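Q:
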Amino acid sequence: MKDNNDINNAPIHVAIIMDGNGRWAQAKGKKRQVGHKQGAKTLEKICKQASAYGIQYITVYAFSTENWARPKDEIDNLMNLLRHYLKNSLKNASKDNIKVRVIGDKTGLDNDIINSINRLEEGSKDNTGLQLQIALNYGGRDEIVRTTKKIVADIENNKININDINEDIISKYLDTKDIPDPDLLIRTSGEMRLSNFLLWQLAYSEFYFIDKHWPDFTIEDLKDAINNYSNKERRYGGV
Ligand code: IPE
Ligand code: IPE
Ligand code: MG
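Going letter by letter, the sequence shown gives residues 3 to 241 in this note's numbering.
1. Taking one C-beta from the region 217 to 231 and one from the region 40 to 50 each time, how about it: are there three or more such pairs within less than 8 Å?
2. Tell me the start and end of each unbroken alpha helix (DSSP H) in the region 94 to 143 that is at least 4 residues and wholly inside, in chain order.
3. Can you have a look at Tyr59 and say buried or exposed, based on whether 16 or more other CB atoms are within 10 angstroms of its CB?
4. Per DSSP, Ile212 forms a beta bridge with which residues?
5. With Tyr59 as the anchor, note down where its beta strand (DSSP E) starts and where it stops.
6. Does the beta-carbon of Ala137 have 16 or more other beta-carbons within 10 angstroms, so that it is buried, or is it exposed?
7. Closer than 7 Å to a non-hydrogen atom of ligand 3 - does that hold for the CB of Gly110?
8. In terms of alpha-carbon separation, which member of Ile146, Phe199, Gly192, Ile167 lies closest to Arg25?
9. Can Trp70 be considered in contact with ligand 1, in the sense that its beta carbon sits closer than 7 Å to one or more heavy atoms?
10. Determine contact between the region 51 to 69 and the region 198 to 212, defined as no fewer than three beta-carbon pairs at a distance below 8 Å.
11. If we ignore side chains and look at the alpha-carbon of each, how far apart do Lys97 and Glu46 end up?
12. Taking only three categories from DSSP, how would you classify Ala27?
13. Buried or exposed, going by whether 16 or more other CB atoms sit within 10 Å of the CB of Tyr238?
14. Would you identify the three-state DSSP class for Ile2, choosing helix, strand or coil?
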């Protein structure tokens with residue numbers, strides 16, 4: 003059910019570290035993969051509601067460059083879930099008018115997954131509702147390394163001059179180019195760390211931590227996070 007009552011000053015861009023899928027499942031005596039599956043459903047639910055709350059962009063952390071350190075079983079399972087999710091996403095994206103973009107190092111993913119991502123990005127590019135960015139094989143430090151290489155290559159090709167480099171230029175070379183930095187970061191499951199997410203972009207974001215595991219996160223929780231954000235005074239170093 004959509005409702006947008008009593009939301010003022012909503013964040014334009016919300017970043018989410020969807021953490022706690024494994025613990026959610028384990029607490030129920032189930033395999034971690036059950037938690038990942040439920041987590042994907044939570045994401046769909048949140049995306050459906052976000053626009054009604056005034057949110058224009060959501061960036062979610064789905065798989066980090068460090069997550070390859072997990073057991074092969076879990077990684078295989080996550081990749082298969084991703085295949086399934088990507089296949090359904092085009093349908094859902096059209097239905098809900100969502101534009102999807104994947105950020106992170108796609109070259110590290112299997113070819114069929116890269117193809118599905120390209121199809122989804124291409125197929126949803128004209129949608130005018132929520133812009134969903136999914137961080138896959140994403141690490142903030144890795145993004146900065148890849149960005150640096152792109153900038154150096156463009157200097158070598160005389161496309162830009164070294165003296166042109168400023169914060170705006172760097173933002174334009176990041177995976178998140180063309181969209182504003184997150185206003186609000188939400189992390190579920192109690193951990194208060196960034197785990198290498200959007201290191202550049204979160205410089206002045208408000209942080210909201212909630213103990214609940216991601217599969218249990220509801221649209222009411224999203225509303226609480228937004229209301230909490232709305233009452234903050236953002237100073238950006240001023241007074
Ligand atoms: C987040 O849940 C999803 C991914 C990292 C893929 P976790 O898998 O990290 O779950 P916990 O934190 O171990 O409970
Ligand atoms: C961050 O969660 C990555 C994602 C949610 C995809 P992790 O569970 O991997 O982070 P740590 O290991 O607790 O720092
Ligand atoms: Mg975790």
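We treat Cβ as the ideally placed atom computed from N, Cα and C, and that holds for glycine. Predicted model, so just to flag it, every value in this text is computed and none were measured.
A: The short version:
1. Verdict: yes, contact present.
2. List check, alpha helix (DSSP H) in window: 113 to 126.
3. By the neighbour-count criterion, in which 16 or more other beta carbons inside 10 Å mark a residue as buried, Tyr59 falls on the buried side.
4. Ile212 is bridged by DSSP to Thr190.
5. DSSP places Tyr59 in the uninterrupted beta strand (DSSP E) bounded by 59 to 66.
6. With 16 or more neighbouring CB atoms inside 10 Å of its own CB, Ala137 falls in the buried class.
7. Relative to ligand 3, even the nearest heavy atom lies 7 Å or more away from the CB of Gly110.
8. Among Ile146, Phe199, Gly192, Ile167, the Cα nearest to that of Arg25 belongs to Gly192.
9. Not a single heavy atom of ligand 1 lies less than 7 Å from the C-beta of Trp70.
10. Cβ pair count under 8 Å is three or more, so yes.
11. Rounded to whole angstroms, Lys97 to Glu46 spans 12 Å at the Cα level.
12. It is helical.
13. Classified as exposed, Tyr238 has fewer than 16 neighbouring CB atoms from the shown chains inside 10 Å of its CB.
14. Residue 2 is absent from the structure shown; the chain starts at 3 and stops at 241.
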